[in-house]
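Everything below concerns the one structure shown next.
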Amino acid sequence: MTLQARYADVPVETKQRLFDEVKADLRFRDTLYGCYECGICVAACPSARFYDFSPRKIAQAAAREDLGIFYEQLNDDIWNCSQCFSCLRCPRGNNPGGLITIMREVAINNGLASARQALEGYGRVVYKIMSTGTQVSPDMLQPNAFPDWGPHVAEISENLLLWRRALPPETLHTTSTAWEVTDRTLTELYLIWHMTGVMDMIKEVDAGLHMILVDVMEELLEDAGYAAD
Amino acid sequence: MPIPLNVLEARQLARHVQGPQTPPTEDIREKVFELEAKGEWIVQRVPEPWLPVTTKYGRIKKIPVGHTWHHKSCGQCGHIPGYSTSIFWLHRALGLDYDDPRDQTSCTAWNYYASATSNVGAQAAVAMRNFGAAYESGYFPQIHCGTSYGHYKEVREQLVAHADLRDEVRRICDRLGRPFVMPEEIVHYSEWVYAMRDEFARRRVLDLSNIDVTVHPACHYHKLVVEDAIYDPDVYGGQRTAVVSAVVTALGANLKDYSTWYDCCGFGFRHILVQRDFTRSFATLRKIEVMREEADPDVVLTHDTGCVTTLDQSQFAARAHDRKVGVPVMSESQFAALAMGAHPYRVCQLHWHNTDYRPLLEKMGIDWRERWREFEDDLERLKSGEKQFLTWEDADA
Amino acid sequence: MPETVLIVGGGPAGLEAARAVADLGGRVVLVERREVLGGTPDEANYAALTPHLGSAQEALDRLRAGVGRPEVEVLLGSTVTACRGSVGDFTVTVSGPDGAGREVGAGAVVVATGFTHFDPGRETQMYGYYEFPDVITLPDAEKMLKEHRFVRPSTGEPPRSVAFIQCVGSRDRRIGNEYCSKVCCGVASKEAIEIRRLLPDCKVYIFYIDMRMYGYWENQIYWPAQEQYNVNYIRGIVTEIVGKGDRLLMKGEDTTMGRPLEVLMDVIVLSVGMEPSRGTREIAGILGLEQNRYGFIAAPGEPMDPISTSVPGIYVAGAAAGPRDLEDTMGTAGAAAARALGVIRSARPAAATAGA
Chain A
1 MTLQARYADV PVETKQRLFD EVKADLRFRD TLYGCYECGI CVAACPSARF
51 YDFSPRKIAQ AAAREDLGIF YEQLNDDIWN CSQCFSCLRC PRGNNPGGLI
101 TIMREVAINN GLASARQALE GYGRVVYKIM STGTQVSPDM LQPNAFPDWG
151 PHVAEISENL LLWRRALPPE TLHTTSTAWE VTDRTLTELY LIWHMTGVMD
201 MIKEVDAGLH MILVDVMEEL LEDAGYAAD
Chain B
230 MPIPLNVLEA RQLARHVQGP QTPPTEDIRE KVFELEAKGE WIVQRVPEPW
280 LPVTTKYGRI KKIPVGHTWH HKSCGQCGHI PGYSTSIFWL HRALGLDYDD
330 PRDQTSCTAW NYYASATSNV GAQAAVAMRN FGAAYESGYF PQIHCGTSYG
380 HYKEVREQLV AHADLRDEVR RICDRLGRPF VMPEEIVHYS EWVYAMRDEF
430 ARRRVLDLSN IDVTVHPACH YHKLVVEDAI YDPDVYGGQR TAVVSAVVTA
480 LGANLKDYST WYDCCGFGFR HILVQRDFTR SFATLRKIEV MREEADPDVV
530 LTHDTGCVTT LDQSQFAARA HDRKVGVPVM SESQFAALAM GAHPYRVCQL
580 HWHNTDYRPL LEKMGIDWRE RWREFEDDLE RLKSGEKQFL TWEDADA
Chain C
627 MPETVLIVGG GPAGLEAARA VADLGGRVVL VERREVLGGT PDEANYAALT
677 PHLGSAQEAL DRLRAGVGRP EVEVLLGSTV TACRGSVGDF TVTVSGPDGA
727 GREVGAGAVV VATGFTHFDP GRETQMYGYY EFPDVITLPD AEKMLKEHRF
777 VRPSTGEPPR SVAFIQCVGS RDRRIGNEYC SKVCCGVASK EAIEIRRLLP
827 DCKVYIFYID MRMYGYWENQ IYWPAQEQYN VNYIRGIVTE IVGKGDRLLM
877 KGEDTTMGRP LEVLMDVIVL SVGMEPSRGT REIAGILGLE QNRYGFIAAP
927 GEPMDPISTS VPGIYVAGAA AGPRDLEDTM GTAGAAAARA LGVIRSARPA
977 AATAGA
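Chains as they are written, first to last, in my numbering: chain A, 1 to 229; chain B, 230 to 626; chain C, 627 to 982.
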């Protein structure tokens with residue numbers, strides 16, 4: 001049984017394959033039991049107050065294996081989730097937020113157009129975390145990046161070098177990383193990205209970003225005797 | 230004449246008579262030790278001395294007092310560095326030994342929750358690489374970020390439940406030349422602050438009895454792997470996590486309640502970066518405005534990176550729309566440090582914060598003009614090349 | 627006159643009450659309309675009992691064995707046609723298979739005449755029970771499951787999709803049955819599990835208004851149905867069933883997803899509720915018992931006394947008093963037996979009791 005849903009033109013085999021990928025994730029059985037449709041997850045959900053978004057419907061569609069609704073959610077809903085895990089209050093032990101984490105991974109792995117769109121403007125963050133091991137760096141505080149935070153951001157960016165030197169902890173005198181990270185540490189991180197298939201995942205969703213990352217990682221990996229692709 | 234009501238006391242007594250409930254979940258730490266007994270990994274023991282705290286279902290958790298390896302937070306170090314600096318300062322104030330490592334990456338979970346450009350194996354490998362590094366240093370991990378803390382607890386559950394995942398990550402750690410180590414406890418810095426709160430109270434130099442405080446409990450602290458968070462029957466009847474709130478009370482400030490305490494801050498991981506209208510609206514409409522209406526606090530205290538950033542930075546745009554905002558935001562580590570006489574700029578680095586904190590400092594009895602002048606002198610010395618960096622000695626001068 | 631209790635009805639309630647009276651040292655005359663003991667579970671071919679899926683046949687055999695003793699006289703093919711007297715001294719006329727009347731003296735009477743399944747052809751919704759062979763009821767499904775098969779009655783082929791519709795004939799002001807029949811949620815879920823076991827490729831849906839599986843039924847039936855057998859629960863009342871090709875088109879709203887719904891099913895099971903059986907309605911008139919507005923025997927002392935009827939010395943057990951599951955049925959049967967013997971003994975001089 002399938003309810004009326006958008007993306008009717010997408011073949012059901014495609015929807016089934018993507019759903020099966022979600023179901024095959026080792027976390028799946030711990031994220032979904034049965035659904036009472038009670039709404040406690042929606043009541044606690046910040047995204048439900050702002051968007052047409054319902055963690056209950058995410059859990060329901062997956063529990064029913066309603067492929068039409070599932071595919072619609074995979075494209076139109078999952079990126080609205082705040083991943084705060086307030087929905088873990090579920091009396092049945094469901095974890096709609098965790099289910100969404102898995103769905104997002106499947107969307108990225110398959111390079112869905114909606115997933116690429118969700119990553120637009122986000123590439124610099126992926127680049128930062130994957131290449132430096134710290135997601136947020138002081139030099140990201142630029143007024144054009146955070147216009148709604150007011151002139152305070154400009155004040156920080158103007159004084160950044162000086163203010164960073166005025167920090168007593170010795171590891172924090174950095175501007176392009178949140179703290180000082182050793183080369184060995186970075187090399188190990190790069191190895192992890194390669195060995196766990198994250199680099200392949202990036203390739204699928206953003207070939208340009210993948211190229212830049214490979215380039216940045218090359219030297220350290222070669223020094224460590226690791227032949228990158 | 231009104232009849233004296235002792236309804237709540239009677240209920241508490243009845244609860245006491247009923248005795249402790251059976252925990253609804255198994256104790257994962259037992260499984261962690263079982264896996265050690267099978268030779269699957271090393272369990273890094275909590276160093277002595279440690280303090281016992283009570284978690285949600287009445288179990289005891291060990292909080293190491295010192296000799297800790299500080300798993301820093303990228304958002305704290307990058308954008309609100311007074312947060313991390315205050316945590317270190319509190320350790321130094323108590324004369325405790327710690328390690329601030331360079332051999333540490335972020336947990337990478339902010340990115341994972343925002344973009345899903347990673348996977349279970351990679352996330353677990355990052356966690357175990359950091360745990361391995363901590364073990365090799367001889368210091369025990371204390372985790373600064375709420376998301377790292379919550380995520381690592383999820384990783385622990387996944388590793389305990391899935392032998393395949395353990396094998397995959399063990400192979401990676403072998404390749405990296407790192408030991409495969411799970412700490413005996415996963416400890417958040419706010420748990421350490423909670424455990425040490427009476428020590429801080431003893432060293433308090435400011436009177437905070439006229440300071441009203443609201444607390445925002447961080448989602449990834451108390452909603453992820455709930456059984457491991459600290460609860461105390463004397464804090465909100467044991468129905469909310471006791472961290473931060475108990476510290477406010479211990480320091481002699483007034484803990485104020487508000488009706489949206491359970492709501493998240495609006496951070497959203499991806500929203501703060503690329504769906505910012507959501508973050509701004511939620512932080513101000515559902516959190517700051519409600520606090521102002523219902524509690525009118527002098528400050529909001531929280532215990533996680535994203536919450537401080539979101540609640541603090543989001544108020545600027547709301548002010549332009551004449552919203553009822555304007556409450557300074559900081560971590561309880563910064564607040565405790567201030568209470569103990571820490572410098573608001575050299576240590577707490579409040580100039581990185583957006584919403585005006587100066588009225589709070591005045592109310593706390595801190596001469597912020599004088600302190601800022603001192604800090605500007607420091608900056609001049611740095612600019613002139615007289616000094617390269619501000620040091621801990623300068624901070625405590 | 628010895629301590630005789632007349633029990634009307636040979637289903638689970640009557641059998642259990644008879645066994646209990648005998649165990650307590652009394653005598654029983656058990657009157658059963660059919661030629662066989664077992665009542666509705668036997669007549670409607672119950673196969674596996676809710677919640678543990680134990681064999682209904684074995685359970686009935688145990689109940690029947692409980693009355694195979696000299697203290698219990700069983701009158702099969704018999705009905706009660708008249709009654710006079712009062713507590714401690716009733717004279718009841720029983721009409722036997724040959725039509726001949728017989729008078730039975732009894733100190734107390736237990737009414738255990740049970741329920742009947744709601745006739746879904748009577749309901750206001752348009753479910754086509756008398757039009758489409760593939761629209762069946764819970765007992766129809768039970769009969770197939772008893773034979774360890776589940777097929778589309780129209781073709782004899784196994785279905786690919788099956789839907790249960792809950793609350794058919796229950797909780798409906800237009801029909802007049804405003805009550806909840808208590809057991810249908812559990813029974814439907816139990817049958818859904820059985821269908822999923824028999825036909826692992828068959829999708830099973832349950833359309834409900836509220837799911838009501840009390841106490842341990844929650845984790846004995848509801849959760850396993852959902853979590854282990856992937857039975858899909860969808861909140862919404864189906865408005866209409868029509869034929870489309872050789873399948874059934876079901877119309878309604880998925881109220882929690884907020885979308886209208888028109889789906890094809892192979893078999894639709896109507897979860898019919900309980901109504902007073904014909905025997906219950908008739909015995910009320912013969913014994914002069916008050917009935918509630920739905921025709922069940924009234925128990926004016928509820929909730930503390932769900933056993934006593936409006937006539938002193940006459941007690942009610944099981945589903946004659948309203949929708950009851952088997953746990954409640956067995957419990958009220960034992961209580962009725964104790965009350966019946968108790969009232970007889972308290973009405974007699976102590977010395978006589980001692981000498982009995």
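Glycine included, each C-beta is placed from N, C-alpha and C at the ideal position.
Thinking C-beta only, is Met770 of chain C closer than 8 Å to Cys811 of chain C?
By 1-based counting over the third sequence, the position of residue 811 of chain C is 185. By 1-based counting over the third sequence, the position of residue 770 of chain C is 144. Taking 8 Å as the cut-off, the Cβ atoms of Cys811 of chain C and Met770 of chain C do not count as close.
Cross-chain neighbours of Cys627 of chain B in chain A, by beta carbon under 7 Å
Within the shown structure, residues of chain B are numbered from 230 to 626, placing residue 627 of chain B beyond reach of any answer.
Grab the span of the alpha helix (DSSP H) containing Arg575 of chain B for me, first residue to last.
By one-based count along the second sequence, residue 575 of chain B stands at place 346. It is not in any alpha helix (DSSP H) - Arg575 of chain B carries neither H nor E in the DSSP assignment.
Can you tell me whether Ile940 of chain C is buried or exposed, with buried defined as 16 or more other CB within 10 angstroms of its CB?
Looking up residue 940 of chain C in the third sequence gives position 314. Only buried fits Ile940 of chain C, as 16 or more other CB atoms lie within 10 angstroms of its CB.
Run down chain B in chain order and give the residues with a C-beta less than 9 Å from the C-beta of Phe70 of chain A.
Within the first sequence, residue 70 of chain A is the residue found at index 70, counting from 1. Taking the beta carbon of Phe70 of chain A as reference, no residue of chain B falls within 9 Å; the closest one sits roughly 16 Å away.
Taking Gly379 of chain B as the reference, give the member of B:Glu420, B:Ile401, B:Gly406, B:Val398 with the closest Cα.
Start at 1 with the first residue of the second sequence, and residue 379 of chain B comes out as number 150. With distances taken between Cα atoms, Gly379 of chain B lies closest to B:Glu420.
Taking contact to mean at least 3 C-beta pairs separated by less than 8 Å, is the segment 576 to 592 of chain B in contact with the segment 454 to 468 of chain B?
Fewer than three pairs of CB atoms, one per stretch, sit closer than 8 Å, so the segment 576 to 592 of chain B makes no contact with the segment 454 to 468 of chain B.
Going along chain B in order, which residues have a C-beta closer than 7 Å to the C-beta of Phe230 of chain A?
Absent from the structure is residue 230 of chain A, since the part of chain A shown begins at 1 and ends at 229.
Under the assumption that Arg907 of chain C contacts Gly921 of chain C (Cβ atoms under 8 Å), give the Cβ distance between them as a whole number of angstroms.
Against the third sequence, residue 907 of chain C aligns to sequence position 281. Against the third sequence, residue 921 of chain C aligns to sequence position 295. At roughly 5 Å, the Cβ-Cβ gap stays under 8 Å, so Arg907 of chain C and Gly921 of chain C are in contact.
Give me, in chain order, the residues of the same chain whose beta-carbon lies closer than 7 Å to that of Met201 of chain A; leave out the 5 immediate sequence neighbours on both sides.
For the purposes of this step, residue 201 of chain A is taken as residue 201 along the first sequence, with counting starting at 1. Annotation for Met201 of chain A: Ile108, Asn109 place their beta carbon closer than 7 Å to its own, counting only its chain and skipping 5 residues before and after.
Answer yes or no: do Ala946 of chain C and Ala962 of chain C have a C-beta to C-beta separation smaller than 8 Å?
To locate residue 946 of chain C, count along the third sequence from 1; it is residue 320. To locate residue 962 of chain C, count along the third sequence from 1; it is residue 336. Their beta carbons are not under 8 Å apart, which means Ala946 of chain C does not touch Ala962 of chain C by this criterion.
Closer than 8 Å to chain A by CB, Asn858 of chain C:
Reading the third sequence from its first residue, position 232 is the one you call residue 858 of chain C. At least one chain A Cβ lies under 8 Å of Asn858 of chain C.
Taking contact to mean 3 or more Cβ pairs, one atom from each stretch, closer than 8 Å, check whether the segment 406 to 414 of chain B and the segment 355 to 364 of chain B are in contact.
The segment 355 to 364 of chain B and the segment 406 to 414 of chain B touch, with three or more beta-carbon pairs separated by less than 8 Å.
Residues of chain A with CB closer than 7 Å to the CB of His391 of chain B, please, in chain order.
Position 162 of the second sequence holds residue 391 of chain B. Within 7 Å Cβ-Cβ: Leu26.
Express the C-alpha separation of Ala44 of chain A and Lys829 of chain C in angstroms, rounding to a whole number.
Counted from its first residue, the third sequence places residue 829 of chain C at position 203. Counted from its first residue, the first sequence places residue 44 of chain A at position 44. Computed Cα separation, rounded: 32 Å.
The alpha helix (DSSP H) that contains Asp441 of chain B, what's its start and end?
The count along the second sequence starts at 1 and reaches residue 441 of chain B at position 212. Judged by DSSP secondary structure, Asp441 of chain B falls outside any alpha helix (DSSP H) and instead within the beta strand (DSSP E) spanning 441 to 445.
Identify each residue in the segment 178 to 196 of chain A for which the Cβ-Cβ distance to at least one residue of chain B is less than 9 Å, and report them in chain order.
Those residues of the segment 178 to 196 of chain A that come within reach of chain B (Cβ to Cβ, closer than 9 Å) are Ala178, Trp179, Glu180, Val181, Thr182, Arg184, Thr185, Leu186, Thr187, Glu188, Leu189, Leu191, Ile192, Trp193, Met195, Thr196.
Opening and closing residue of the beta strand (DSSP E) in which Glu170 of chain A lies:
On the first sequence, position 170 is the one that residue 170 of chain A refers to. First-last for Glu170 of chain A: undefined, no H or E at that position.
Assuming Asn94 of chain A and Cys35 of chain A form a contact by the criterion Cβ under 8 Å, report the distance between their Cβ atoms to the nearest whole angstrom.
Within the first sequence, numbered from 1, the residue matching residue 94 of chain A stands at position 94. Within the first sequence, numbered from 1, the residue matching residue 35 of chain A stands at position 35. 6 Å between Cβ atoms; contact.
Would you report the Cα separation of Glu554 of chain B and Thr334 of chain B, rounded to the nearest angstrom?
Taking the first residue of the second sequence as position 1, residue 554 of chain B is located at position 325. Taking the first residue of the second sequence as position 1, residue 334 of chain B is located at position 105. Per the sequence presented here, residue 554 of chain B reads as Val, with Glu not at that position. Distance between the alpha carbons of Val554 of chain B and Thr334 of chain B is about 35 Å.
Span of the beta strand (DSSP E) holding Gln632 of chain B?
Outside the shown range of chain B (230 to 626) lies residue 632 of chain B, about which nothing can therefore be said.
Leaving out five residues before and five after Lys203 of chain A in sequence, what residues of the same chain have Cβ atoms less than 7 Å from its Cβ?
In the first sequence, residue 203 of chain A corresponds to position 203, counting from 1. For Lys203 of chain A, the CB contacts under 7 Å within the same chain, skipping 5 residues up- and downstream, are His210 in chain order.
Cβ neighbour criterion (16 or more within 10 Å) applied to Glu383 of chain B:
Working through the second sequence from its first residue, we reach residue 383 of chain B at position 154. The residue in question, Glu383 of chain B, is buried, as its Cβ has 16 or more Cβ neighbours within 10 Å.
Residues of chain A with CB closer than 9 Å to the CB of Val250 of chain B, please, in chain order.
Here residue 250 of chain B refers to the residue found at position 21 of the second sequence. According to the sequence displayed, residue 250 of chain B carries Gln and not Val. Neighbours of Gln250 of chain B on chain A: none; closest Cβ ~16 Å, over 9 Å.
Smallest Cα separation from Ala392 of chain B: which of A:Leu26, A:Gln135, A:Arg6?
Mapped onto the second sequence, residue 392 of chain B falls at position 163. Closest option to Ala392 of chain B, judged by alpha-carbon separation, among A:Leu26, A:Gln135, A:Arg6: A:Leu26.
For Arg861 of chain C: DSSP bridge partner residues
Taking the third sequence and counting its residues from 1, one reaches residue 861 of chain C at position 235. Bridge partners of Arg861 of chain C: C:Tyr834.
So, is the C-beta of Gln563 of chain B closer than 8 Å to a C-beta in chain A?
The sequence position of residue 563 of chain B within the second sequence is 334, counting from 1. Gln563 of chain B does not count as touching chain A.
Quick check: is the beta carbon of Gln387 of chain B nearer than 8 Å to any beta carbon in chain A?
For this step, residue 387 of chain B is matched to residue 158 along the second sequence. Contact of Gln387 of chain B with chain A is assigned, a C-beta pair being separated by under 8 Å.
Check whether the Cβ of Pro765 of chain C sits closer than 7 Å to any heavy atom of the ligand FMN, and report yes or no.
No copy of the ligand FMN appears in this structure; indeed no ligand is present at all.
Determine, using beta carbons only, whether Arg885 of chain C comes closer than 8 Å to chain A.
By one-based count along the third sequence, residue 885 of chain C stands at place 259. So yes, Arg885 of chain C belongs to the interface.
From B:Pro370, B:Leu394, B:Ala338, residue whose alpha carbon lies closest to that of Val126 of chain A:
Along the first sequence, one-based indexing puts residue 126 of chain A at 126. Comparing alpha-carbon positions, the option among B:Pro370, B:Leu394, B:Ala338 lying closest to Val126 of chain A turns out to be B:Ala338.
Give the secondary structure of Ala178 of chain A by DSSP, where H, G and I count as helix, E and B as strand, and everything else as coil.
By one-based count along the first sequence, residue 178 of chain A stands at place 178. Of the three classes helix, strand and coil, the one that applies to Ala178 of chain A here is coil, per DSSP.
So what's Arg971 of chain C in DSSP terms, helix, strand or just coil?
In the third sequence, the residue the question calls residue 971 of chain C occupies position 345. Arg971 of chain C sits in a helix when the DSSP states are folded into three classes.
Does any CB atom of chain A fall closer than 8 Å to the CB of Arg659 of chain C?
Your numbering for residue 659 of chain C matches position 33 in the third sequence. No, Arg659 of chain C lies away from the interface with chain A (no Cβ there is under 8 Å from its Cβ).
According to DSSP, is Ile923 of chain C helix, strand or coil?
If you number the third sequence from 1, residue 923 of chain C lands on position 297. If DSSP states are grouped into helix, strand and coil, Ile923 of chain C belongs with the strands.
For Phe19 of chain A and His320 of chain B, what's the separation of their Cα atoms in angstroms?
Residue mapping note: residue 19 of chain A aligns to position 19 of the first sequence, counting from 1. Residue mapping note: residue 320 of chain B aligns to position 91 of the second sequence, counting from 1. Distance between Phe19 of chain A and His320 of chain B, taken at the CA atoms: about 49 Å.
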